[in-house]
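*Asks:*
2 protein chains.
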Amino acid sequence: MATVKESSTNQINKRLVNTRCPVTFIAHRMGNRWKPLVIRELFQGTRRYGELKRAIPAVTEKMLIQTLKELEADGIINRKAMPVVPPHVEYNLTECGKDLEPVITEMVKWSLKYNIQ
Amino acid sequence: MATVKESSTNQINKRLVNTRCPVTFIAHRMGNRWKPLVIRELFQGTRRYGELKRAIPAVTEKMLIQTLKELEADGIINRKAMPVVPPHVEYNLTECGKDLEPVITEMVKWSLKYNIQ
DNA sequence: CAGGATCCCTAATGATACTG
DNA sequence: CAGTATCATTAGGGATCCTG
Chain E
1 MATVKESSTN QINKRLVNTR CPVTFIAHRM GNRWKPLVIR ELFQGTRRYG ELKRAIPAVT
61 EKMLIQTLKE LEADGIINRK AMPVVPPHVE YNLTECGKDL EPVITEMVKW SLKYNIQ
Chain G
1 MATVKESSTN QINKRLVNTR CPVTFIAHRM GNRWKPLVIR ELFQGTRRYG ELKRAIPAVT
61 EKMLIQTLKE LEADGIINRK AMPVVPPHVE YNLTECGKDL EPVITEMVKW SLKYNIQ
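One line per chain: the protein sequences are E and G, in this order.
The numbering of the first sequence is our numbering, which starts it at 1 and goes up by one.
The numbering of the second sequence is our numbering, which starts it at 1 and goes up by one.
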């Protein structure tokens, strides 16, 4: 269905008071270990579960699923499950997710300037 | 002195493999509970320790100090201590810290668009 | 193939008391 | 005023095994 569910508090900083702070708001949505990697991967296009897993080898199944669930609940990605056997599930970015591009672009600029390695 | 120290790995995601990912890089530097709030406050100008504490009432002394130390070690803020009694310490953004402004600007734009509350 | 369910560990944060 | 120090808590993440 991939309907955008009501704002899901994910597990980062649950008790954070400052939900109106934009930086905090966005940190809730892409500020953990795996979300940015998944989002970046989905910027390339639609991906299946297994493709994401292979693209991000270090992630465990538990964390990948958890990450995908949260991104879906936050309306950043869509999940499309085809009713076939074996299962076939696709993930892609919503408009909301695609709108993260300028944010990521600026992050990349800053990182390229200061990430000396 | 406020010299920029060598890249300090802070405590977020210590074992993260992907240090070359820009999003990860920046998440290390402003991706915890208090850093964004401190940075945002310092965008307004120089602040004393006590002013920061009052501006962010929910932060504990321990976390505020820890946050400030890490931001300083990462070259994002400067710490200037005046040798007087009682102590007088000022914090402000470095050039590197100020360069976070476009990043924050884009975050704010996205948040204003999708933060429905 | 695409997940769920459990158990476990440690990093991140908090509470409280103390100090130059 | 601007911190330290110590102890306690919790949430994020990992390992492993299981299933429609």
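Ideal Cβ positions, reconstructed from N, Cα and C, are used throughout, including at glycine.
(1) Taking the alpha carbon of T94/E as the reference point, which residue from V23/E, I39/E, W34/E and C21/E has its own alpha carbon closest?
(2) Indicate whether at least one CB of chain G lies closer than 8 Å to the CB of V108/E.
(3) Could you check whether the region 98 to 117 of chain E touches the region 80 to 88 of chain E, counting it as contact only if at least three pairs of C-beta atoms, one from each stretch, sit closer than 8 Å?
(4) When the Cα atoms are used, what is the spatial distance from N115/G to P86/G?
(5) Comparing the C-beta of A27/E with each C-beta of chain G, is any distance below 8 Å?
(6) Use the C-beta contact count for H28/G: other C-beta atoms within 10 angstroms, 16 or more gives buried, fewer gives exposed.
(7) From the DSSP output, in three-state form, read off A58/G for me.
(8) Relative to the C-alpha of E51/G, which residue among E90/G, E72/G and Q66/G is closest?
(9) Thinking C-alpha only, which one of C21/G, I26/G and P22/G is nearest V124/E?
(10) At the 8 Å Cβ level, is I65/G part of the contact set with chain E, yes or no?
(11) Check the Cβ of I104/G against every Cβ in chain E and list those closer than 8 Å, keeping chain order.
(12) If we ignore side chains and look at the alpha-carbon of each, how far apart do I77/G and K109/G end up?
(13) Jot down the residue ranges of each uninterrupted beta strand (DSSP E) in the region 86 to 110 of chain G, minimum 3 residues, whole runs only, in chain order.
(14) For a test of the three-state rule: what should DSSP assign to R40/E, helix, strand or coil?
(15) Can you pull the chain E neighbours of Y91/G, defined as C-beta to C-beta under 9 Å?
(16) Just reading off the beta strand (DSSP E) that R79/E is part of, what are its end residues?
(17) What I want to know is whether the C-beta of E70/E ends up closer than 7 Å to one or more non-hydrogen atoms of the ligand ATP.
(18) Who are the neighbours of N78/G on chain E, taking C-beta pairs under 7 Å?
(19) At what residues does the alpha helix (DSSP H) containing R29/E begin and finish?
(20) Measure how close the beta-carbons of C21/E and L37/G come, nearest whole angstrom, since I'm counting them as under 8 Å.
(21) Is L64/E helix, strand or coil when you go by DSSP?
*Replies:* This is what the structure gives:
(1) Taking the first sequence and counting its residues from 1, the one referred to as residue 94/E is at position 94. Taking the Cα of T94/E as reference, the smallest distance to any Cα among V23/E, I39/E, W34/E and C21/E is reached at I39/E.
(2) One-based indexing of the first sequence puts residue 108/E at position 108. Chain G, which has a Cβ nearer than 8 Å to the Cβ of V108/E, makes this yes.
(3) no
(4) The sequence position of residue 115/G within the second sequence is 115, counting from 1. The sequence position of residue 86/G within the second sequence is 86, counting from 1. Their backbone Cα atoms lie some 43 Å apart in a straight line.
(5) What you label residue 27/E is simply residue 27 of the first sequence in a count that begins at 1. For A27/E, the answer is yes, since a Cβ of chain G falls inside 8 Å of its Cβ.
(6) As a first step, residue 28/G must be located in the second sequence, where it is residue number 28. Under this definition H28/G is a buried residue.
(7) Numbered from its first residue, the second sequence carries residue 58/G at position 58. The answer is coil: DSSP assigns A58/G none of H, G, I, E or B.
(8) Here residue 51/G refers to the residue found at position 51 of the second sequence. Of the candidates E90/G, E72/G and Q66/G, the one whose C-alpha sits nearest the C-alpha of E51/G is E90/G.
(9) No answer is possible for residue 124/E: the residues shown for chain E start at 1 and end at 117.
(10) Working through the second sequence from its first residue, we reach residue 65/G at position 65. Not one chain E Cβ lies under 8 Å of I65/G.
(11) The residue labelled residue 104/G in the question sits at position 104 within the second sequence. For I104/G, the chain E residues whose Cβ falls inside 8 Å of its Cβ are P22 and V23, in order along the chain.
(12) Residue 77/G sits at position 77 when you count from the first residue of the second sequence. Residue 109/G sits at position 109 when you count from the first residue of the second sequence. Rounded to the nearest angstrom, the two C-alpha atoms are 24 Å apart.
(13) Listed in chain order, they are 88 to 93.
(14) In the first sequence, the residue the question calls residue 40/E occupies position 40. The DSSP-derived three-state label of R40/E is helix.
(15) Mapped onto the second sequence, residue 91/G falls at position 91. Result: empty, since nearest Cβ-Cβ is about 18 Å, beyond 9 Å.
(16) Indexing the first sequence from 1 puts residue 79/E at position 79. Per DSSP, R79/E is one residue of the beta strand (DSSP E) stretching across I77 to M82.
(17) Looking at this structure, you won't find the ligand ATP or any other ligand, since it has none at all.
(18) Within the second sequence, residue 78/G is the residue found at index 78, counting from 1. Chain E residues near N78/G: none, gap ~15 Å exceeds 7 Å.
(19) Mapped onto the first sequence, residue 29/E falls at position 29. Counting along the chain, the unbroken alpha helix (DSSP H) around R29/E starts and ends at P22 to M30.
(20) Along the first sequence, read from residue 1 onward, the residue named residue 21/E stands at position 21. Along the second sequence, read from residue 1 onward, the residue named residue 37/G stands at position 37. C21/E to L37/G, Cβ: 7 Å. Contact.
(21) Taking the first residue of the first sequence as position 1, residue 64/E is located at position 64. Reduced to three states, the DSSP call for L64/E is helix.
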